[in-house]
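Position 96, counted from 1, in the sequence shown is what UniProt numbering calls 96; the numbers after and before it change by one each time, with no gaps.
Every residue, glycine too, gets a C-beta built ideally from N, C-alpha and C.
Quick caveat, the model's predicted, so the values are computed rather than measured.
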Amino acid sequence: MVGVAGKSQACHDCKRRRIKCDYRKPTCERCERANIVCRGYAKSLVFINRTQDSRHITAASVLAKAKSQHGSDLPKVSSYDEDIRLLSGQISSSSYSPTLFRFHAMEVIKKLYLPQKPQGSHNYGMNHMAYILALHMQCEALDFALFAFCLVQVHITQSGRVTFEEALQNYNIALQKLLLLLRDEKAGHNDETLAAIVVLSTCELFIYPNDHGWRAHADGVSHMLRVRVLSQPPTKAWQDLCSRLHVLCVILGLTRSRTPLLANSEWCKVMQKSPNRNKFDELIKIVSDTPSLLEEAVAIRSMTSRKNITARASVVLRSLVSIVQTLFSWQAEFRAVSEKPTYWAVPSVKFFSSNTTHGKIPGVLLSASLAPICYALLLSALFSKTVPVSRLLLPRVQLLSLSRYGGSMPFVLPVQSKLRFLFTNEAQVLHNPSDDSYQNQLFPFTLEFESLNSAILFVLSWAVMVQALDNIILLYNEVYPAGNPSIKDVLNLDHQNTPATTPESTESVVAPTLQLDSIEAIISEADKFARYLCQSIEFCHRVECGTLGPQCTYYAQFVIRRHYQQLSRYERELSWCLNIVNMRGPGSRCGINLMSFED
């Protein structure tokens with residue numbers, strides 16, 4: 001029942017507005033669409049300070065006084081230092097309320113870590129945080145981990161006076177409490193314990209220089225989940241928290257080229273998720289077999305005996321190509337069914353004149369043959385300032401560069417049925433110090449995404465594709481140094497181009513083709529997707545993406561560094577990647593030292 005006190009399970013604001021709530025946690029999507037700060041679902045706690053001298057105070061009088069003072073039921077916005085003092089006072093009390101503490105901690109996390117813009121029906125960074133908010137059992141390891149995470153977020157965003165030493169000290173306290181908790185077999189297998197591990201592993205992304213802590217978590221969680229799956233059925237919170245840890249283990253396996261301790265079949269038994277998975281779960285399922293293939297590829301390259309090596313290599317090569325093709329088809333299907341353009345290209349303000357007239361004209365539809373000509377005319381109009389141009393719709397068009405890095409034209413852009421190419425003087429740009437020695441920017445165009453959710457999906461899938469293609473190149477050159485047979489013959493490719501098709505259907509989706517018929521074409525494809533990753537960095541570092549934005553690039557940064565190190569002619573690109581941490585720009589969250597994976 002909508003808006004009926006005691007009956008409706010809607011959030012506070014949907015109850016107040018008497019509309020149907022979508023019940024998304026920790027905040028409601030209906031409120032986000034209405035630009036309302038959703039106050040969530042938890043019941044507000046009111047402190048009644050009744051003493052011997054003021055026995056007449058009642059709950060009704062306190063509520064009436066609060067309403068008259070504020071004149072509004074919206075929460076009072078406090079500074080981050082005040083938030084930290086509030087959390088510190090709560091957690092240091094011997095009789096604090098876990099529910100109230102976690103609610104206040106989540107408010108800090110929503111403001112700094114999570115994206116500020118609506119993310120649609122699924123928010124891949126918020127899911128596990130929502131279930132943490134729903135946990136009510138006492139668990140000091142979880143609460144100290146949340147407190148440490150809030151301190152880390154305030155420190156890295158420079159939003160308060162929290163020091164790195166203070167954040168690290170509280171992280172160590174939370175870690176010690178987790179170790180004590182794990183000694184208790186009964187308490188060590190509950191949802192709160194798993195939530196503490198999730199929060200601490202996320203903390204380590206921002207405070208640890210290497211992945212040693214992640215390795216310990218991955219090994220410990222693998223043994224812990226084996227015990228849990230045999231002892232009791234999983235809860236909904238346990239399933240979603242396990243999904244987050246599965247991502248950790250898969251990415252760690254990708255960076256180490258090693259099969260995770262817990263096999264995919266065991267993860268399926270642990271999570272027992274419903275078939276209605278979101279897009280992120282679908283993506284992880286596709287890439288979860290990649291670490292074992294990378295491990296096999298590394299083993300083949302290090303073999304001294306050449307006996308049966310070609311047979312093993314061809315199987316691995318075909319499997320890696322199959323994953324790349326599946327990811328490519330999955331991306332095409334995602335773009336085709338999306339109601340909005342998922343991503344498009346945005347020129348940097350350094351590339352175009354800052355005084356470009358900002359206006360609007362109707363979208364222009366171009367055929368593939370006229371696109372280069374019309375695009376050149378558009379550039380002339382922009383620079384001459386005679387035509388007010390706001391945007392240009394380019395369906396099914398590839399824009400080709402005149403030179404590889406000349407900067408005079410954009411690189412090949414992703415093509416989709418509803419692709420937008422935006423020209424606006426509102427575009428932001430990050431300055432990379434590696435561009436100072438050159439006349440032109442290395443990447444004069446950046447990618448704009450429909451939401452951070454879309455960015456997370458495409459950045460992760462592109463990164464896996466680049467790593468898989470790089471390993472295909474290395475393995476083929478090692479096993480077939482003379483280039484005979486050709487990669488096309490090894491892969492048994494019956495046609496030159498691989499169209500993007502959905503895994504469930506043989507229908508072709510309108511999309512560019514994937515060129516895999518020669519080793520040169522594979523190198524070109526890997527280079528193209530690596531550039532997409534570089535062009536995605538600016539969007540992910542915007543303030544409105546929270547610190548979750550930079551976090552979703554940590555694996556991608558590892559991949560593009562390895563990609564450009566592998567090819568000797570990419571010195572400038574490698575320097576650009578190494579200087580990502582030194583990038584600066586307006587409206588961005590730069591300078592965050594993310595955890596790096598050891599080679």
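Between residue 582 and the set 560, 541, 79 and 546, the nearest pair of CA atoms involves 541. Pairing residue 148 with residue 174 gives a Cβ-Cβ distance under 9 Å.
In the DSSP assignment, residue 347 falls within the unbroken beta strand (DSSP E) covering 343-347. In the three-state reduction of the DSSP assignment, residue 542 falls in the strand class, which pools E and B. Secondary-structure assignment with DSSP links residue 449 through a beta bridge to 343. Proximity to residue 595 across 550, 259 and 480 peaks at 550, based on C-alpha coordinates. The alpha-carbon separation between residue 97 and residue 179 amounts to approximately 22 Å. According to the DSSP assignment, residue 253 belongs to the alpha helix (DSSP H) that extends over 236-256. Here the alpha carbons of residue 579 and residue 568 stand approximately 18 Å from one another. When 317, 449 and 304 are compared, the shortest CA-CA separation from residue 346 is found for 449. Proximity to residue 316 across 221, 529, 473 and 223 peaks at 473, based on C-alpha coordinates. Annotation: residue 581 is outside any alpha helix (DSSP H) and is labelled neither H nor E by DSSP.
Nearest C-alpha to residue 189 among 442, 333, 158 and 238: 238. Contact between residue 559 and residue 463 holds: their C-beta atoms lie close to 4 Å from each other, under 8 Å.
With three or more CB-CB distances shorter than 8 Å, the segment 143-157 counts as touching the segment 94-114. Residues 152, 167, 168 and 171 of the same chain have their beta carbon placed closer than 7 Å to that of residue 207, with the five preceding and five following residues left out of the count.
If you draw a 10 Å sphere on the C-beta of residue 212, you find fewer than 16 other C-beta atoms in it, and that means exposed. Per DSSP, residue 99 is one residue of the alpha helix (DSSP H) stretching across 98-112. Three or more Cβ pairs closer than 8 Å define a contact, and the segment 428-440 falls short of that threshold against the segment 522-535.
Here residue 290 is buried: its Cβ has 16 or more other Cβ atoms, across all protein chains shown, within 10 Å. Comparing alpha carbon positions, the residue from 439, 552 and 269 closest to residue 453 is 552. Beta bridge pairing from DSSP links residue 588 with 542.
Residue burial is scored here from C-beta neighbours: residue 483 has fewer than 16 other C-beta atoms within 10 angstroms and is therefore classed as exposed.
Separation of the CB atoms of residue 564 and residue 251 is rounded to 20 Å, and the pair is thereby denied contact status at 8 Å.
In this structure, residue 455 sits near residue 343, with a CB-CB distance shorter than 9 Å. Your pair residue 195 and residue 245 does not check out as a contact, with CB atoms roughly 10 Å apart and the cut at 8 Å. Nearest C-alpha to residue 25 among 39, 210 and 117: 39.
Shortest Cα-Cα distance from residue 467 to any of 223, 566 and 314 involves 566.
For residue 136, no alpha helix (DSSP H) run applies, since DSSP gives it neither H nor E. Residue 311 and residue 318 have their C-alpha atoms roughly 11 Å apart.
Secondary-structure assignment with DSSP links residue 431 through a beta bridge to 584. The Cβ-Cβ distance between residue 461 and residue 538 does not fall below 9 Å. When secondary structure is reduced to three states using DSSP, residue 160 falls in the coil class, being assigned neither helix nor strand. Assignment of residue 463 by DSSP, reduced to helix, strand and coil, places it in the helix class. Contact between residue 535 and residue 458 does not hold, since the beta-carbon distance rounds to 11 Å and is not under 8 Å. Taking C-beta separations shorter than 7 Å and ignoring five residues to either side along the sequence, the partners of residue 247 in its chain run 284, following chain order.
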